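Student: In UniProt numbering, the protein residues as written are 1 to 166.
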């Protein structure tokens, strides 16, 4: 039987699974520069604020289990940036390479456009070739690179900035 892949809007019931998935990335990768994983309360506050602000937050479930999520957050807090968002996508490690990032980014772009955003920025650790390639496939172009911007796991990491119009 084929797996059932579903995209849904974020709901409070997703917080534990999102927190667990994000913890994995904090503890094992440089996909995020958080050094300590936030708890469920902090994640609920973060996601609740995005939803309240009208920002898209999408979860991807396979046979009822969360296997990824994506959201468009405020790019910068100053009001002139209000039409620009920053995307974030996290995929369960057992689901990487199955096209889930493509599904999430496609939906996130459309929902961000509908929410009134005009530009989307991706801030990606330079060694994340899969994420960079995904964004390139969706028309993001490279707009800059910051060298040695983040220090994690005893080494410095560069950041690539990519952008696309919505």
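Beta carbons are placed, not taken as given, at the ideal position from N, Cα and C, and that holds for glycine.
Computed from a predicted structure; not experimentally measured.
Figure out for me which residue from 83, 82, 31 and 52 has the closest Cα to the Cα of residue 157.
Tutor: Closest by alpha carbon: 31.
Student: Hey, residue 103 and residue 166 are a contact pair by Cβ (cut 8 Å); roughly how many whole angstroms apart?
Tutor: That pair is no contact at about 18 Å.
Student: Per DSSP, what kind of secondary structure is residue 148 in: helix, strand or coil?
Tutor: Residue 148: strand per DSSP, three-state reduction.
Student: Which runs of the beta strand (DSSP E) at least 3 residues long sit entirely within the stretch 70-112? Give them in chain order.
Tutor: Those beta strand (DSSP E) runs which fall completely within the stretch 70-112 and span 3+ residues are 84-91.
Student: Expressed to the nearest angstrom, what Euclidean distance is found between the alpha-carbon atoms of residue 82 and residue 55?
Tutor: Roughly 11 Å between the two C-alpha positions.
Student: Could you give the C-beta distance for residue 22 and residue 43, rounded to a whole number, given that I count them as a contact under 8 Å?
Tutor: Between residue 43 and residue 22 the Cβ distance is about 7 Å, and since that is below 8 Å, they are a contact.
Student: Nearest by alpha-carbon distance to residue 87: which of 94, 14, 164 and 63 is it?
Tutor: Nearest C-alpha to residue 87: 164.
Student: What's the call for residue 78, buried or exposed, on a 16-neighbour Cβ count within 10 Å?
Tutor: So residue 78 ends up on the exposed side.
Student: In chain order, what residues of the same chain have a beta carbon less than 8 Å from the beta carbon of residue 151, not counting five sequence neighbours either side?
Tutor: Taken in chain order, the residues that qualify are 157.
Student: Taking residue 90 as the reference, which of 160, 136 and 61 has the closest Cα?
Tutor: Cα-wise, what sits closest to residue 90 is 61.
Student: Label residue 153 either buried or exposed according to how many other C-beta atoms from any shown protein chain fall within 10 Å of its C-beta, with 16 as the threshold for buried.
Tutor: Exposed.
Student: What do you reckon, are the CB atoms on residue 95 and residue 64 nearer than 8 Å?
Tutor: Contact: no.
Student: Cα separation between residue 112 and residue 72?
Tutor: Near 7 Å, if we compare the C-alpha coordinates of residue 72 and residue 112.
Student: For residue 155, list the residues DSSP reports as bridge partners.
Tutor: For residue 155, which the question treats as bridged, DSSP gives the partners 152.
Student: Please name the residue or residues paired with residue 58 in a DSSP beta bridge.
Tutor: Bridge partners of residue 58: 9 and 70.
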